[in-house]
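Order-wise, the sequence lines are chains A and B. Under the numbering used here, residue 146 is the last one in the first sequence; the count climbs by one each step, no gaps. Under the numbering used here, residue 649 is the last one in the second sequence; the count climbs by one each step, no gaps. All C-beta atoms in this analysis are idealised placements derived from N, C-alpha and C, irrespective of residue type, glycine included. I have placed the structure first, in the form of structure tokens, so that the comments after it can refer back to it.
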Amino acid sequence: MADRIFASLLLLSAIIYSVIAFTLIKAPFQYDPLGPESWPRILGVLAVLCCAQVIYKPDVWDLKVDRNTWTRLAGLVVLLCAYAWLFQPAGFVIATFIFCAALSIMLGANIKASLIFAVTTGVLGYVIGTILLELNLPAGLLAFLE
Amino acid sequence: MDLVFSGLAQGFAVALQPFNLFLVLAGCFAGTLIGALPGIGPINGVAILLPIAYGLGFPPESALILLAGIYYGAEYGGRISSILLNVPGDAGAVMTTLDGNPMAKNGEAGRALSISAVASFIGGTFAVVLMSLFGPLLSSYAVTFSPSDYVALMVFAFASLASLVGKNPVKTLLGALIGLMLASIGIDANTGVMRFTFGVPDLLAGIDFLVIVIGLFGMAELIHLVEQQAAGTLKALKVDKTFISMKDLAFCKWTIIRSSIIGFFIGILPGTGASVASAVAYGSEKRISDTEGTFGTGDPRGLAAPEAANNAAAGGAMVPMLTLGIPGSGTTAILLGALLLFNVTPGPLMFTQRPEIAWGLIASMYVGNLALLIINLPLVGLFARMLTIPQQYLTPLIAVLAFIGVYSVVSNPHDLYMIIGLGVFGWFLRKLQFSLAPVILGFVLGGLFEDNLRRALSISGGDWSILFTSIDSVVLYILAAIVVILPVWFGIRRRRAVKGATT
Numbered sequence: 001m002a003d004r005i006f007a008s009l010l011l012l013s014a015i016i017y018s019v020i021a022f023t024l025i026k027a028p029f030q031y032d033p034l035g036p037e038s039w040p041r042i043l044g045v046l047a048v049l050c051c052a053q054v055i056y057k058p059d060v061w062d063l064k065v066d067r068n069t070w071t072r073l074a075g076l077v078v079l080l081c082a083y084a085w086l087f088q089p090a091g092f093v094i095a096t097f098i099f100c101a102a103l104s105i106m107l108g109a110n111i112k113a114s115l116i117f118a119v120t121t122g123v124l125g126y127v128i129g130t131i132l133l134e135l136n137l138p139a140g141l142l143a144f145l146e
Numbered sequence: 147m148d149l150v151f152s153g154l155a156q157g158f159a160v161a162l163q164p165f166n167l168f169l170v171l172a173g174c175f176a177g178t179l180i181g182a183l184p185g186i187g188p189i190n191g192v193a194i195l196l197p198i199a200y201g202l203g204f205p206p207e208s209a210l211i212l213l214a215g216i217y218y219g220a221e222y223g224g225r226i227s228s229i230l231l232n233v234p235g236d237a238g239a240v241m242t243t244l245d246g247n248p249m250a251k252n253g254e255a256g257r258a259l260s261i262s263a264v265a266s267f268i269g270g271t272f273a274v275v276l277m278s279l280f281g282p283l284l285s286s287y288a289v290t291f292s293p294s295d296y297v298a299l300m301v302f303a304f305a306s307l308a309s310l311v312g313k314n315p316v317k318t319l320l321g322a323l324i325g326l327m328l329a330s331i332g333i334d335a336n337t338g339v340m341r342f343t344f345g346v347p348d349l350l351a352g353i354d355f356l357v358i359v360i361g362l363f364g365m366a367e368l369i370h371l372v373e374q375q376a377a378g379t380l381k382a383l384k385v386d387k388t389f390i391s392m393k394d395l396a397f398c399k400w401t402i403i404r405s406s407i408i409g410f411f412i413g414i415l416p417g418t419g420a421s422v423a424s425a426v427a428y429g430s431e432k433r434i435s436d437t438e439g440t441f442g443t444g445d446p447r448g449l450a451a452p453e454a455a456n457n458a459a460a461g462g463a464m465v466p467m468l469t470l471g472i473p474g475s476g477t478t479a480i481l482l483g484a485l486l487l488f489n490v491t492p493g494p495l496m497f498t499q500r501p502e503i504a505w506g507l508i509a510s511m512y513v514g515n516l517a518l519l520i521i522n523l524p525l526v527g528l529f530a531r532m533l534t535i536p537q538q539y540l541t542p543l544i545a546v547l548a549f550i551g552v553y554s555v556v557s558n559p560h561d562l563y564m565i566i567g568l569g570v571f572g573w574f575l576r577k578l579q580f581s582l583a584p585v586i587l588g589f590v591l592g593g594l595f596e597d598n599l600r601r602a603l604s605i606s607g608g609d610w611s612i613l614f615t616s617i618d619s620v621v622l623y624i625l626a627a628i629v630v631i632l633p634v635w636f637g638i639r640r641r642r643a644v645k646g647a648t649t
């Protein structure tokens, strides 16, 4: 079933892709025999055929992921989104601290150890990243310290 | 031959500069550490560290030397988690667990680790030597390739991908198509027409290669690790004092040589990397030498075969990348993308136009393989300690590294959501038994494929028969057909044999 659902979604995107390729993409002049539209048309048609084949003959029926795992994965994605959301406004150190602490606690580390881990990662990561490797990381709320 | 020696001399002049030498060693060391981490293979390591290496602002040859060091270093390190934990880092290391783990269980962990290190060294070095001989030859031949020949080459690449990688060829093809479709997003370079941008300004230049790589190989791996986490605690076997002896070496020498050859040539085939090579090497070695049925119970030959093969394949996969601009495996696809980031176009002209990169890389691999052998024999205990890093700290670290990488290069917070989205997508693909390597291969080759097709048809004025006129292209189409038909034919024959045996 899993295969069919996923392939149907892919099929839908492939159909939209092909429709766009067949109707919307046009060059004002013909520069080369193929133009910008032929290649996407070829890809779109092939993708539709492949999706149809997977739907017709699926080989994965069950993802074999139990309820607890789904919850944990959902938690992970939520934490990642929160991290992405905080990354620039709050700055690397604070965002990383919150993310690392939350994720390691969620994955079963004890609270004291994960707080130490989170502080170290945030501060060390920032110091190594910006000073040693000269990478661009957001200072965010802690910008006044510089 | 002169060309090879002068090239090598030039390459060593680059690779032995103190800074580059340091990068080779650092890359190999970091690669071994990453490879030793359970569940993380070479492709994930290179993917996660690529943006950081790019952000450091090194010259292209130094960055490539570092990334390549991480690549074959991780290929080396993968055996540690396979042997001691029975958890392969990636598909290429699966075969190593079959005999490696039983050996460790029999109290010969040290012997297993040192045999595999020596086998890896021989396989890797063998591949680099062949690479320095064949690379310039192949590239001087490929200079004469016309656009239509390139189209044929690409068809061959995708044909061998579909038939040799993954269980279901349709899914592999679909994966490659997804990559090709993702690559078609953005402004068309020839006409300036916008394709699939939906008016979003961020998409005009297309989706960033780094974002795709980090999303599909970094974040998807992270989600996979969290998924596997509850599956029980892992117990690492101890590294003991047993060590490789001359007798072992003599016992395994033909195995290692045969497997290195198999590994190198399978590595050269576009799209098929270490996983196919180690499986084929193990399979054929089992057929040739397993006369007493000891394979699978801790036979050193069963350990040496896949290890020699996967390191030889890692070198072999570099050959088409450097000489033709067509990557031989998922990881070399990432390295190819890295070269493009540096505005270096890999391909037949690289040996003449940018010899410091092509030869510097090859020379650095000689140094790297030797360094890996030297640091791996005594320090294996240190690397083995990586296995006990608790997963609850490792997973957040991977996310932090991925975020640092993407943000420091792209500096666009929206791309952080993009990598999360791609990670979820990649995880589903993996769960549904799509392999991810075709996606990245498709993405990297998309532009090249389309450009050559359009150029070929421009030359002929729209006549498609130009694709089949040159001898080179016809030979490539025939090879493509063989690659597709042979496995099917073998499959039918085997099924018949099984039927014949049962009735």
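- Closest in C-alpha terms to SER278(B), from the list LEU149(B), LEU368(B) and ASP618(B), comes LEU149(B).
- Contact of PHE97(A) with chain B is not assigned, every C-beta pair being separated by 8 Å or more.
- Just measuring C-alpha positions, the residue of PHE302(B), SER262(B), PHE571(B) and ILE638(B) sitting nearest VAL526(B) is SER262(B).
- Taking 8 Å as the threshold, the shortest C-beta distance from GLU596(B) to chain A falls below it.
- Considered as a whole, the segment 158-241 of chain B harbours 164-182, 188-201 and 206-231 as its complete alpha helix (DSSP H) runs of no fewer than 4 residues, in chain order.
- In its chain, beyond the 5 residues on either side, ALA329 have a beta carbon closer than 7 Å to the beta carbon of GLY593(B).
- Straight-line spacing of the CA atoms in ILE128(A) and LEU320(B) works out to 41 Å.
- Taking SER430(B) as reference, the option from PRO416(B), SER406(B) and ASP236(B) with the minimal CA-CA separation is SER406(B).
- Only those residues of the segment 562-574 of chain B whose C-beta falls short of 7 Å from the nearest C-beta of chain A are listed: LEU562, TYR563, ILE566, VAL570 and PHE574.
- Around the Cβ of PRO89(A), a 10 Å sphere holds fewer than 16 other Cβ atoms; the residue is exposed.
- Judged by DSSP in its simplified three-state form, GLY332(B) adopts strand.
- Two segments are said to touch when three or more pairs of C-beta atoms, one from each, lie closer than 8 Å; by this definition the segment 495-505 of chain B does not touch the segment 449-467 of chain B.
- Residue state for ARG341(B) is assigned as strand, using DSSP reduced to three classes.
- Per DSSP, the unbroken alpha helix (DSSP H) holding TRP85(A) starts and ends at 67-90.
- In the pairwise beta carbon analysis, the segment 481-489 of chain B is classified as touching the segment 208-216 of chain B: at least three pairs are separated by under 8 Å.
- When CB distances to chain B are screened at a threshold of 7 Å, the residues of the segment 113-133 of chain A falling below it are PHE117, THR121, GLY125, GLY129 and LEU133, in chain order.
- SER554(B) sits away from LEU124(A), with the two beta carbons spaced by 8 Å or more.
- At a beta-carbon threshold of 8 Å, the residues of chain A lying near GLU373(B) are VAL65, THR69, ARG72 and LEU73, ordered along the chain.
- In the three-state DSSP reduction, TYR31(A) falls in the coil class, being neither helix nor strand.
- Note on the segment 232-299 of chain B: whole alpha helix (DSSP H) runs with a minimum of 4 residues are 240-251 and 255-288, in chain order.
- Counting only residues of its own chain and dropping the five nearest sequence neighbours on each side, ALA509(B) has a CB closer than 7 Å to the CB of LEU154, GLY157, PHE158, VAL160 and ALA161.
- In the structure shown, VAL357(B) falls within a helical segment according to DSSP collapsed to helix, strand and coil.
- By the Cβ neighbour-count rule, ASP245(B) is buried, with 16 or more other Cβ atoms within 10 Å of its own.
- Remark: fewer than three beta-carbon pairs, one from each stretch, lie closer than 8 Å, so the segment 557-565 of chain B and the segment 285-293 of chain B are not flagged as touching.
- GLN30(A) is classed as exposed because its beta carbon has fewer than 16 other beta carbons within 10 Å across all chains shown.
- In this structure, PRO416(B) sits near ILE472(B), with a CB-CB distance shorter than 8 Å.
- Residue burial annotation: GLU221(B) is buried, with at least 16 other C-beta atoms found within 10 angstroms of its C-beta.
- Distances from the alpha-carbon of GLY235(B) to those of ALA209(B), LEU371(B) and THR318(B) put LEU371(B) closest.
- Annotation for THR318(B): LEU307, ALA308, VAL311, GLY312, PHE580, SER581 and PRO584 place their beta carbon closer than 8 Å to its own, counting only its chain and skipping 5 residues before and after.
- Flagged as an interface residue toward chain B: ASP3(A), by a C-beta distance shorter than 8 Å.
- Inter-segment contact for the segment 564-581 of chain B and the segment 354-363 of chain B is present: three or more beta-carbon pairs are separated by less than 8 Å.
- The Cβ atoms of GLY514(B) and GLY474(B) lie no closer than 8 Å to each other.
- Chain A has a Cβ within less than 8 Å of the Cβ of TYR539(B).
- With a threshold of 8 Å between beta carbons, PHE87(A) makes contact with chain B.
- With respect to LEU578(B), PHE144(A) sits apart: the two C-beta atoms are not nearer than 8 Å.
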